[in-house]
Amino acid sequence: MFSVTLKLMKKSGKMLIPAGIAILIGTAFIASTFLFGNSMDDSLRTQLTSRFMQSDYVALMKDSNGGDSSTYSDDAPPVVGTFKTDEIEKVDGITATQSLVYGDGHVTKGDDSSTTTYALGSTSNRLQPVEVVKGHSPLKADEAAVPEKMADKMHLKIGDTFKLTLSESGSSNAPAANATLVGLTRDQNGSYTVYGGVTLVSPQVLTKLYGMDSFNDVPSNGLLFNVDPAKAGTAIPQVRQADSGKKMSVDTRQHIGDEQMKSLSANGSSPVKIFLMVFGILAMFVAALVIANTFQVMVAQRRRTLALLRTIGAKKGQLYRSVLFEAGVLGLIASILGILVAMALMGGLGKLGFVMGNMGSKMKLIVTWPVIVVPLAFGIVMTVLASIGSARSATAVTPLEALRPIEVTDTRKAGRVRGVFGTLMIVLGVICCALGASRMPSIINTPSPGDGSDTTYEYALFSAMGGCALLFIGLAITATFWLPVLMRGIGALVAHIGPSANIANANIRKNPRRVAATGVALLIGVTLVSTIATGAACGKQTMDSTLDSHYSVDMTAEGNGLTKHTADKVAKVKGISDTLYLPTATANVKLGNGKDDNNMSVLLVGVNNKQALQKVMHTDISSGSIAPGTVLAPLYNAQTGKKLSFANNTVDFSSVGKDGSKNHINLPAMKVTQVDYRKLASMYSMVVFVDQSVLANSNVETDGHILLTKFDMNATSVTDTFDAVQSALGSTDGINVSGPIADRVTWDTDIDQIMTLLVALLAVAVLIALIGVANTLSLSVIERTRESATLRAIGMTRGQLKRSLSCEALLISLVSGVVGVILGTAFGWLGSYMVFSLYGKTAYLFDWKFDGAVLLIAALAALISSIFPARRAVKTPPVAALAEA
Numbered sequence: 000m001f002s003v004t005l006k007l008m009k010k011s012g013k014m015l016i017p018a019g020i021a022i023l024i025g026t027a028f029i030a031s032t033f034l035f036g037n038s039m040d041d042s043l044r045t046q047l048t049s050r051f052m053q054s055d056y057v058a059l060m061k062d063s064n065g066g067d068s069s070t071y072s073d074d075a076p077p078v079v080g081t082f083k084t085d086e087i088e089k090v091d092g093i094t095a096t097q098s099l100v101y102g103d104g105h106v107t108k109g110d111d112s113s114t115t116t117y118a119l120g121s122t123s124n125r126l127q128p129v130e131v132v133k134g135h136s137p138l139k140a141d142e143a144a145v146p147e148k149m150a151d152k153m154h155l156k157i158g159d160t161f162k163l164t165l166s167e168s169g170s171s172n173a174p175a176a177n178a179t180l181v182g183l184t185r186d187q188n189g190s191y192t193v194y195g196g197v198t199l200v201s202p203q204v205l206t207k208l209y210g211m212d213s214f215n216d217v218p219s220n221g222l223l224f225n226v227d228p229a230k231a232g233t234a235i236p237q238v239r240q241a242d243s244g245k246k247m248s249v250d251t252r253q254h255i256g257d258e259q260m261k262s263l264s265a266n267g268s269s270p271v272k273i274f275l276m277v278f279g280i281l282a283m284f285v286a287a288l289v290i291a292n293t294f295q296v297m298v299a300q301r302r303r304t305l306a307l308l309r310t311i312g313a314k315k316g317q318l319y320r321s322v323l324f325e326a327g328v329l330g331l332i333a334s335i336l337g338i339l340v341a342m343a344l345m346g347g348l349g350k351l352g353f354v355m356g357n358m359g360s361k362m363k364l365i366v367t368w369p370v371i372v373v374p375l376a377f378g379i380v381m382t383v384l385a386s387i388g389s390a391r392s393a394t395a396v397t398p399l400e401a402l403r404p405i406e407v408t409d410t411r412k413a414g415r416v417r418g419v420f421g422t423l424m425i426v427l428g429v430i431c432c433a434l435g436a437s438r439m440p441s442i443i444n445t446p447s448p449g450d451g452s453d454t455t456y457e458y459a460l461f462s463a464m465g466g467c468a469l470l471f472i473g474l475a476i477t478a479t480f481w482l483p484v485l486m487r488g489i490g491a492l493v494a495h496i497g498p499s500a501n502i503a504n505a506n507i508r509k510n511p512r513r514v515a516a517t518g519v520a521l522l523i524g525v526t527l528v529s530t531i532a533t534g535a536a537c538g539k540q541t542m543d544s545t546l547d548s549h550y551s552v553d554m555t556a557e558g559n560g561l562t563k564h565t566a567d568k569v570a571k572v573k574g575i576s577d578t579l580y581l582p583t584a585t586a587n588v589k590l591g592n593g594k595d596d597n598n599m600s601v602l603l604v605g606v607n608n609k610q611a612l613q614k615v616m617h618t619d620i621s622s623g624s625i626a627p628g629t630v631l632a633p634l635y636n637a638q639t640g641k642k643l644s645f646a647n648n649t650v651d652f653s654s655v656g657k658d659g660s661k662n663h664i665n666l667p668a669m670k671v672t673q674v675d676y677r678k679l680a681s682m683y684s685m686v687v688f689v690d691q692s693v694l695a696n697s698n699v700e701t702d703g704h705i706l707l708t709k710f711d712m713n714a715t716s717v718t719d720t721f722d723a724v725q726s727a728l729g730s731t732d733g734i735n736v737s738g739p740i741a742d743r744v745t746w747d748t749d750i751d752q753i754m755t756l757l758v759a760l761l762a763v764a765v766l767i768a769l770i771g772v773a774n775t776l777s778l779s780v781i782e783r784t785r786e787s788a789t790l791r792a793i794g795m796t797r798g799q800l801k802r803s804l805s806c807e808a809l810l811i812s813l814v815s816g817v818v819g820v821i822l823g824t825a826f827g828w829l830g831s832y833m834v835f836s837l838y839g840k841t842a843y844l845f846d847w848k849f850d851g852a853v854l855l856i857a858a859l860a861a862l863i864s865s866i867f868p869a870r871r872a873v874k875t876p877p878v879a880a881l882a883e884a
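Residue numbers for the sequence shown follow numbering that gives the first Met the number 0, beginning at 0 and rising by one.
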């Protein structure tokens, strides 16, 4: 029977291609997830164990709990001599040793200086953290090797002499060492990028930098050593015997890396893998709908063949197993191809030099058993499960049907159980969504989350999320009932356009179950994509409005690195309408509204005139006063939101000394006028404006400046203006940028990155669904061979027949897509209300551009998917088609 099944499968090969492609894409996604995870784990493991280089074994001091430790808090941290290096080097089988010594410092030549991490050079490349790509490793006194990029930046060449300092000493009179450049290094794995690269030095140089008389007295975190594999069994016990005090732990670098990797994830699982696997499972679920459609039509077409097999003695169980076997073979072949595609893709990315995000290391092709076993098993199981319904249909074929005309159109009605169960899920989902949303007003108005409202919010959020899931699943289950009705209604309107549209509408009516399954596959992808886009748009607008209400100035820059020259550069940036560069001083002020606000640290800002300040602020400050006898203060604490009050509407300032002592500042008590302006400086609860002449006359030392900036929203995009401002500020240390514009750009960037990632992942499911549309049309063409021939015989042109299939594809795609956009918008609005209403008034937006683009892509893909079925429909002459059918 299995040989007969393979022959039938070979005969129906063209019908199986779309289903096979759907399986291939799904399994390729799952395999790519594991390959990406393996590459990421390898990169992370390399970074975690980078300090151990490629050594075979690592000796570390034990911590108080008996475990390995490389950081110490006691009064006598270990040094190089602690690890018995001289004794271990004499052990038979030890091929190389290296003390684990690191230090952070600076490489200086003339006016050029770069930060770096110091490490020891070695005769063994495996015991160096970086590779020496030019010259040689420093081993002798006064030798060093610096990173390639550092050498280019500082114009260093082999043979040059420069100065090394160690920043760990924390003293301005720290020991320094002069060194000669003997080599250039390269950090192949990107493990030390954030440290400025690694500078290799000789033991003598490190001894000078630490101010020690002997290298054995230099602080050390451990000892690395390589072992001859043939002598490891005797060498390692001797190494442990050298540690007479049993304070040292000796373990393999591989085992240490394994333990560190486990400590980073619960139960040894990777959150990234789990996250990506969810989308892989979703893709396979959508593929299952395509597979189910394919096998339903195949069984319907083979009813006469199956009936003949029953006539010659085939049993129901044999037919049942035949269909499942065919599905298993299809799943096996497509899954293997999917795994190979994933491996080729990841290997190609590695060859092209793609790196792992911010990790800096190149992508690698690392094949493990889950890469092959999991997608293979998942592909076969999902394919077999998707074919069970068709297999059951095959068992219903009777021998008598061999004498009847073939009727391949599926006229079965959807089961009542499905309808009742799906309806209950929809009702329950609506109730859960309503319950979750109804709890939000009381949660928002709760004055403090410390009274159990956090738990209440979690319940409300989970209720809304669960409700959306139930509603969505219920709609998918009952789509067999409502989606064909909706398509028939839309089709009835479209049918008036012409004969092609009329034929398309009639064809959709013939197979409501298949059309519903195809529509649901697309509905799932479009709904999820639209939900993400709507949530992102609502979140951006809501947070933008919230940020604007929390700040009174578009952007502020403050800090010791801010100068008048820098402020002038910012003022010239396109998109900046006004700036105000003002002196500041830090002071304490005593308030009269409770103990919590007594002696509050405030920022005094000197202003020449109130009109200049008004130009850069959104808040109307006309009711306030800035004069020699008055100061302008806010109504509310910028950090806590509590209302501020001053005793007798006057304020007395005290200064804060460098040692933390409080002294009376030489400012007279002044009258306070308050205006509701919001957060201006990120580090202060209150910013108070005073007349600059008061600060000058009172000899108040201004220890900083603040730049208040107003953006012209119509001049250019906010992001471009902000990027230009950052370029104007440069990389100067000590400048803190805040305000709604800065926060908005950061927030929008984060949302865009997340949305791009999620939409890209969901695009796999949408692609499979569009393949399902093409598959449905192909199967319809096969079913309607006689009908198409009849239409051609009575005068329908090739173009009209092609247009009817295009119209059918458009109806399926656009109706499913529009429903998906509507559902996605509703889910996005509910999700935005549940999340963003905690921060302010939620904005409910409809992303016309994005949703329109999704529908346009679906329409174009539907038209493209109709090309090959249409060519097949018109390729066969009417007479031959009638005879064949």
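For every residue, glycine included, the Cβ atom is placed at its ideal position computed from N, Cα and C.
Uninterrupted alpha helix (DSSP H) stretches at least 4 residues long and entirely within the region 667-734 occur at 691-696 and 717-728, given in chain order. Under DSSP, M616 forms a beta bridge with V552.
The three-state secondary structure of F161, taken from DSSP, is strand. Of F161, A231, T585 and A385, the smallest CA-CA separation from A516 is found for A385. The C-beta separation of G221 from L59 comes to about 4 Å, placing the pair in contact by the 8 Å criterion. Among the bridge pairs identified by DSSP, D250 is matched with V57.
Excluding sequence positions up to five before and after L854, its CB lies within less than 6 Å of the CB of G816, all in the same chain and listed in chain order. With respect to L288, V484 sits apart: the two C-beta atoms are not nearer than 9 Å. Proximity to M685 across V736, A586, N608 and T649 peaks at A586, based on C-alpha coordinates. In this structure, the straight-line span from the alpha carbon of T718 to that of Q725 is close to 11 Å. Between the alpha carbons of Q97 and D41 lies a gap of roughly 24 Å. For L813, the three-state secondary structure derived from DSSP is helix. The beta carbon of A500 sits closer than 7 Å to those of V493, A494 and C806, all from its chain and outside the five residues before and after it, given in chain order. In this structure, DSSP gives M149 a helical state, which the three-state scheme calls helix. Counted as a single uninterrupted DSSP element, the stretch harbouring K642 is not any alpha helix (DSSP H), since DSSP gives it neither H nor E. A140 sits in coil when the DSSP states are folded into three classes, being neither helix nor strand. Residue L364 holds the alpha-carbon nearest to the alpha-carbon of G347 among A313, L336 and L364. Between the region 701-716 and the region 551-563 there are three or more inter-stretch CB-CB distances shorter than 8 Å, so the stretches are counted as touching. With distances taken between CA atoms, T748 lies nearest to A535 out of H135, A535 and I16. For I365, no beta strand (DSSP E) run applies, since DSSP gives it neither H nor E.
Put simply, the backbone Cα of A532 is about 20 Å away from that of D742.
Under the three-pair Cβ rule at 8 Å, the region 275-292 counts as touching the region 23-31. Remark: three or more beta-carbon pairs, one from each stretch, lie closer than 8 Å, so the region 452-471 and the region 425-434 are flagged as touching.
For the set P633, L804, D577 and P876, the Cα lying nearest the Cα of V615 is the one of D577. Shown here for A637: same chain residues with a beta carbon closer than 6 Å to its own, the five before and five after excluded, namely K678 and S684 in chain order. C537 and L844 have their alpha carbons spaced roughly 6 Å apart.
One thing to note: R125 has its Cβ within 9 Å of the Cβ of A95.
Taking a contact as a CB-CB distance under 8 Å, the pair D55 and N225 counts as one, their CB atoms being some 5 Å apart. Put simply, of T562, I767, G819 and P498 the residue whose alpha carbon is nearest the alpha carbon of L790 is P498. With fewer than 16 other Cβ atoms from the protein chains shown falling within 10 Å of its own Cβ, A229 counts as exposed. Across the structure, T530 and S831 are spaced so that their CA atoms are roughly 10 Å apart. In the three-state scheme derived from DSSP, where H, G and I count as helix and E and B as strand, S624 is classed as coil. Around the beta carbon of E786, 16 or more other beta carbons sit within 10 angstroms, so the residue counts as buried.
Under the DSSP definition of a beta bridge, R791 lacks any partner.
The beta carbon of L323 lies closer than 8 Å to those of V383, S386, I387 and A390 in the same chain, with the five residues before and after it left out. Scanning the region 254-339 for uninterrupted alpha helix (DSSP H) segments of 4 residues or longer gives 270-300 and 302-310, listed from N- to C-terminal end.
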